[in-house]
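Letter 26 of the sequence shown, counting from 1, is numbered 25 in numbering that gives the first Met the number 0, and no numbers are missing. A short write-up of the structure that comes next.
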Amino acid sequence: MVTVELIVLGVNAPERRPYRGGLGISRFRGIGPLTAHSPEDFVASATEVYSGGGVGLTTLPDGRLLRDTIADDPPAWLGPDQLAAHGPVPALLVKILDTRERLFAHFHPGDGFARDVLDRPFGKTEAWAIIATDGPATAHLGFSRDVSESEVLRWFATQDREAMLSAMNGIQVSPGDTLFVPAGLPHAIGEGITLIELQQPVDLSIILEWQGYPGLDASNALLGLDAETALAGLDRSAWNADRLQQLRTSRIADDATRLFPQQADAFFRADLHTLPCRWDADFAVLVVLDGAGALRWAGGHVELAPGMTVLVPWGAGPTSVEGDVSVLRCRPPAPQAA
0 MVTVELIVLG VNAPERRPYR GGLGISRFRG IGPLTAHSPE DFVASATEVY
50 SGGGVGLTTL PDGRLLRDTI ADDPPAWLGP DQLAAHGPVP ALLVKILDTR
100 ERLFAHFHPG DGFARDVLDR PFGKTEAWAI IATDGPATAH LGFSRDVSES
150 EVLRWFATQD REAMLSAMNG IQVSPGDTLF VPAGLPHAIG EGITLIELQQ
200 PVDLSIILEW QGYPGLDASN ALLGLDAETA LAGLDRSAWN ADRLQQLRTS
250 RIADDATRLF PQQADAFFRA DLHTLPCRWD ADFAVLVVLD GAGALRWAGG
300 HVELAPGMTV LVPWGAGPTS VEGDVSVLRC RPPAPQAA
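Here it is as structure tokens:
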């Protein structure tokens, strides 16, 4: 068995992503500037970008890829329950994401589409926890009315971004807000937003609005599929205020706030801890949001500060947090949700 211990992770921000961002990551992490097209920090990532080449994979301090290290001893890293439920891979990707321009209108395939059409084991349901905004900020989420297939095909063919956005709900967001984004739901994150994103571990996006974004064209925006096939997974139904509110629900647990509605538990779990607490052995990714404290386990302790990210393998055993610190604990779906 490999030795497993808590690992403090550095920044893992792929360059040349199609949209501009990165300043919010630098601010949150307390580091120097990133390149203008580094809007996503892949945290504890065993997931590479869709184009491949190993881009997006986390390299550990010893120089090995996290993906390879987990593959050497999945039970020690993931634990027997997660391994039995989801296989020898982390069923989770965490990102710190920052927008210096509005992100294009797009959606993500669901599990069935990913398996049947793309031969991928996961679709991409995601969720956001807003941690900073540059003044008033907006996200576009879901259509405000029923939209026909022919209408969407026309928007894509003509790249009518005004029509796309005018048919979507504009939602004001502020730090502390959360949103669950099921696969198939169209969305576009506005400019000047920094958030923590939990998602299924795959880089699959079907992009409705590709024109004007570097590296995108009508073919790769649809993952190489024809328009009718690619857009079949789009949720074209109307999302009124009541439906949208269900995506913003958080829940109070014994020692934490569970950030997303119960339906998110089948894809990932996120708990916000603001008090000293103790956890049993589990695979988790911790993001320190505010304050100062210490994370302890049998092998030692780590001093916590805002902007830190820590990988907690199952084999590290029980852990505890002390001090006046806010920690977001991100975990894969519950084993019983497989």
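The C-beta atom is built at its ideal place from N, Cα and C for all residues, glycine as well.
Same chain, Cβ closer than 7 Å to residue i, neighbours up to 5 away in sequence not counted
i    : result
D216 : W209
M0   : Annotation note: pLDDT 44 at M0 (below 50); position unreliable, coordinate value reported separately. Only D72 and A75 meet the Cβ criterion.
E14  : T34, H36 and S37
A304 : V287 and A291
G78  : A280, D281, F282 and W313
D40  : V10, N11, A12, I24, K94 and I95
R19  : A35, H36, P38, R99 and E100
Beta-carbon spacing of residue i, residue j below 9 Å
i    : j    : result
T182 : G109 : Thr is not the amino acid found at residue 182; the sequence shown has Ala there. Contact flag set, yes.
E47  : L56  : yes
V311 : D281 : yes
I24  : A128 : no
W206 : L221 : Just to set this straight, residue 206 is Ile in the shown sequence, not Trp. Yes.
H107 : V180 : yes
D176 : R268 : no
L92  : S50  : no
G232 : G29  : no
P213 : P17  : yes
Own chain residues within Cβ distance below 6 Å of residue i, not counting five before or after
i    : result
G169 : T137 and H139
T308 : L8, V42 and V286
W154 : A162 and M163
G298 : E4
R277 : S319
T124 : P181, A182, Q199 and F266
G53  : E47
Coil, strand or helix - residue i by DSSP
i    : result
T177 : strand
L274 : coil
G232 : helix
E14  : coil
S319 : strand
W296 : strand
G314 : helix
G339 : This structure leaves residue 339 out entirely; the chain is present only between 0 and 337.
S342 : In the structure as shown, the chain starts at 0 and stops at 337, and residue 342 therefore has no counterpart that could be examined.
L184 : coil
R242 : helix
L327 : strand
A291 : strand
A336 : helix
D254 : coil
E4   : coil
heavy atom of the ligand SAM below 8 Å from residue i C-beta
i    : result
V324 : Only the bare structure without any ligand can be found here, which leaves the ligand SAM out of the picture.
Own chain residues within Cβ distance below 8 Å of residue i, not counting five before or after
i   : result
L22 : P32, L33, D97 and R99
Task: Runs of alpha helix (DSSP H) lying entirely within the segment 190-224, each at least 4 residues, in chain order - done: none
Task: Length at least 4, wholly inside the segment 30-85: the alpha helix (DSSP H) runs in chain order - done: 65-71, 73-77 and 79-85
Open item on the list: Ignoring anything shorter than 3 residues, give me the beta strand (DSSP E) runs that lie fully in the segment 102-164, in order along the chain.
Closed with: 125-132 and 136-142
- [ ] Taking 8 Å as the threshold, find out whether the segment 315-330 comes into contact with the segment 291-298 through three or more Cβ pairs.
- [x] yes
Open item on the list: Between the segment 224-238 and the segment 124-135, can you find at least three pairs of beta-carbon atoms closer than 8 Å?
Closed with: no
Task: At least 3 beta-carbon pairs within less than 8 Å: the segment 157-167 vs the segment 250-260 - done: no
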